[in-house]
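Be aware that the sequence shown starts at 313, since it is given in my numbering, and climbs by one per residue.
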Amino acid sequence: KETAALRRLIAEATEILSRAFSTRPDGDAVQSLIDESENAIFKVAERAHTGGVAPIAEALQETFRRIDSRSHRGSLTGIPSGYYDLDEMLCGFNAGDLVILAARPSMGKTALALNVFEHAALNPPPWMEAEQPVVLAFSLEMGRQQIVSRMLCSRARVDAHKLKTGNIPSEDYSELSRAAGELSSARMFIDDTPGLSVMAMRSRARRLKQQQKGLHLVIVDYLQLMTQPKAESRQMEISQISRSLKELARE
C-alpha cells in the first residue's frame, strides 16, 4: 500500500514539475497550477488512508461507531441552522452533507444563508462542549464589508438604512458594539473573492481546516457564480460544480 502511494506521488510530482516548466508566468495560470497541484497531492494522501476495497465487517464497525457517537448527541447530530423545522428534518448539518438552497430571485436565499452562518458560529450544539464551530463563507456576489454590516444589523436589531446614511442614534451604537463583540469572538471566516473556481475553493477550505484544526460548515453564495474551466456547456458546468462541491463536503 505504501509503495503504491509512493508511485502515485512520484507520478503526480513528475507531472507537476513538467507543467511548472511549461506554464507561462501569468497570474491566473500560475494560481490555477498551484490549486490543481495541491489537489492532486491531497488526493494521493487521501487515497493512501481511505477508500479502496473494504470487507463488510470493517464497514459495519465504522457504521456502529458512528451510530454510537450520534446516540450521545441527541436528535441534533450536526451543526444547527437556527431554524427548528429545518433542524428537525436534517438533524442539523452533518459532515459529508451537501445541502442546496434553491428559490426564485430576491426570495431571501442570501439572508437565510447568512442567518445560518451566524447562528452556526455562535451557537455550538451541546455535543461540541466547549469547542466553537469553525464556519467558512464563500461570497461570490457580496463583499465582506456588506456581509458584516448585514450581520451586525441583524444581531443588533438595527435598521440597515441607518448604517448606510450614518444617522445612528447613541443607543443603536451601543447595540452595534455589543453585536460586534459577539461576532468577533466567533470562528467565522469570509472569502469574498469573485469568480472562484471549485478547485480554488476546495484548496482554500482545505488550508483553513488545517490551520484551525477543523472545519464544520462551508457556505457558498452562490453556485451560479462559480466557475469550472473546460466545461462544454453551462449545464455541464453546473453539474461538474455540484459534483465537486459534494466531494468537498466528503473531505
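All C-beta atoms, glycine included, are put in the ideal place defined by N, C-alpha and C.
Among V428, Y396, P417, which one has its Cα closest to the Cα of V411?
-> Nearest in C-alpha terms to V411, of all of V428, Y396, P417, is V428.
Taking the CB atoms as reference points, tell me whether D533 and A449 lie closer together than 8 Å.
-> For the pair D533 and A449, the CB atoms are nearer than the 8 Å cut-off.
Should C465 be counted as a contact of the ligand FAD given a C-beta to heavy atom distance under 7 Å?
-> In the structure shown, the ligand FAD is absent, as is every other ligand, since no ligand is present at all.
Take F501 as the anchor and find which of L560, A352, Q457 has the nearest alpha-carbon.
-> Closest in C-alpha terms to F501, from the list L560, A352, Q457, comes Q457.
Sub-8 Å separation of C403 and S387 beta-carbons | Against a cut-off of 8 Å, the Cβ pair of S387 and C403 comes out as a contact.
Mind reading off the beta-carbon distance from S509 to Q540? Whole number of angstroms is fine, and I expect it under 8 Å.
-> The beta carbons of S509 and Q540 sit about 6 Å from each other, so the pair counts as a contact at 8 Å.
Look up G460 in the DSSP assignment and say whether it is helix, strand or coil.
-> Correcting the residue type first, residue 460 is Val in the shown sequence and not Gly. Three-state DSSP puts V460 in a helix.
Starting from I328, follow the alpha helix (DSSP H) in both directions and report where the run begins and ends.
-> Counting along the chain, the alpha helix (DSSP H) containing I328 begins and ends at 314-334.
For L535 and V447, believed in contact at Cβ under 8 Å, the rounded distance | So it is not a contact: roughly 18 Å between Cβ atoms.
Near V460, which residues of its chain fall below 8 Å by C-beta distance, leaving aside the five closest residues on each side in sequence?
-> Excluding sequence neighbours, V460 sits near L495, I502.
Just tell me which of A498, P417, D347, L372 has its CA closest to the CA of A332.
-> Nearest in C-alpha terms to A332, of all of A498, P417, D347, L372, is D347.
Other residues of its chain near D504: CB distance less than 6 Å, five sequence neighbours each side excluded = For D504, the CB contacts under 6 Å within the same chain, skipping 5 residues up- and downstream, are S451, G455, R456 in chain order.
Grouping DSSP H, G and I as helix and E and B as strand, with all else coil, what is M440?
-> Three-state DSSP puts M440 in a helix.
With distances taken between CB atoms, is the gap from A442 to I391 smaller than 8 Å?
-> Taking the C-beta atoms as reference points, I391 is found no nearer than 8 Å to A442.
If I368 sits next to E324, beta carbons under 8 Å apart, how far is it from one beta carbon to the other, in whole angstroms?
-> Contact check for I368 and E324: beta-carbon distance about 32 Å, past the 8 Å limit, so the pair fails to qualify.
On a CA-only basis, which of L426, A425, P445, L527 is nearest L434? Give me that one, please.
-> The shortest Cα separation from L434 among L426, A425, P445, L527 belongs to P445.
Just how far apart, CA to CA, sit T335 and I328?
-> Taking the straight line from one Cα to the other gives about 10 Å.
Skipping 5 residues on each side, what residues in its chain have a beta carbon closer than 7 Å to that of Q524?
-> V446, R499, listed in sequence order.
For the beta strand (DSSP E) holding F501, just list the boundary residues, first then last.
-> Looking at the DSSP string, the run of the beta strand (DSSP E) that includes F501 is 499-503.
If you draw a straight line from the alpha carbon of V356 to that of T326, how long is it in whole angstroms?
-> Rounded to whole angstroms, the separation of the alpha carbons of T326 and V356 is 13 Å.
Within the same chain, show all residues whose beta-carbon is closer than 6 Å to that of S557, passing over the 5 residues directly before and after it, in chain order.
-> What sits at residue 557 in the sequence shown is Leu, not Ser. Only L410 meet the Cβ criterion.
Limits of the alpha helix (DSSP H) - the one that I577 falls within = Lying before the first or after the last residue shown, residue 577 is absent from the chain, which here runs from 313 to 563.
Run of the alpha helix (DSSP H) containing A472, from where it starts to where it stops | Start and end: 472-477.
Assigned secondary structure, A415 (DSSP; H/G/I helix, E/B strand, else coil) | Three-state DSSP puts A415 in coil, outside helix and strand.
Own chain partners of I531 with C-beta closer than 8 Å, once the 5 adjacent residues on each side are dropped = Excluding residues up to 5 positions away in sequence, A425, V428, F429, V447, L448, A449, F450 lie with their Cβ nearer than 8 Å to the Cβ of I531 in the same chain.
Per DSSP, what kind of secondary structure is S349 in: helix, strand or coil?
-> Secondary structure at S349: helix, using DSSP grouped into helix, strand and coil.
Counting along the chain, where does the alpha helix (DSSP H) carrying F450 start and finish?
-> In the DSSP assignment, F450 falls outside any alpha helix (DSSP H) and within the unbroken beta strand (DSSP E) covering 446-451.
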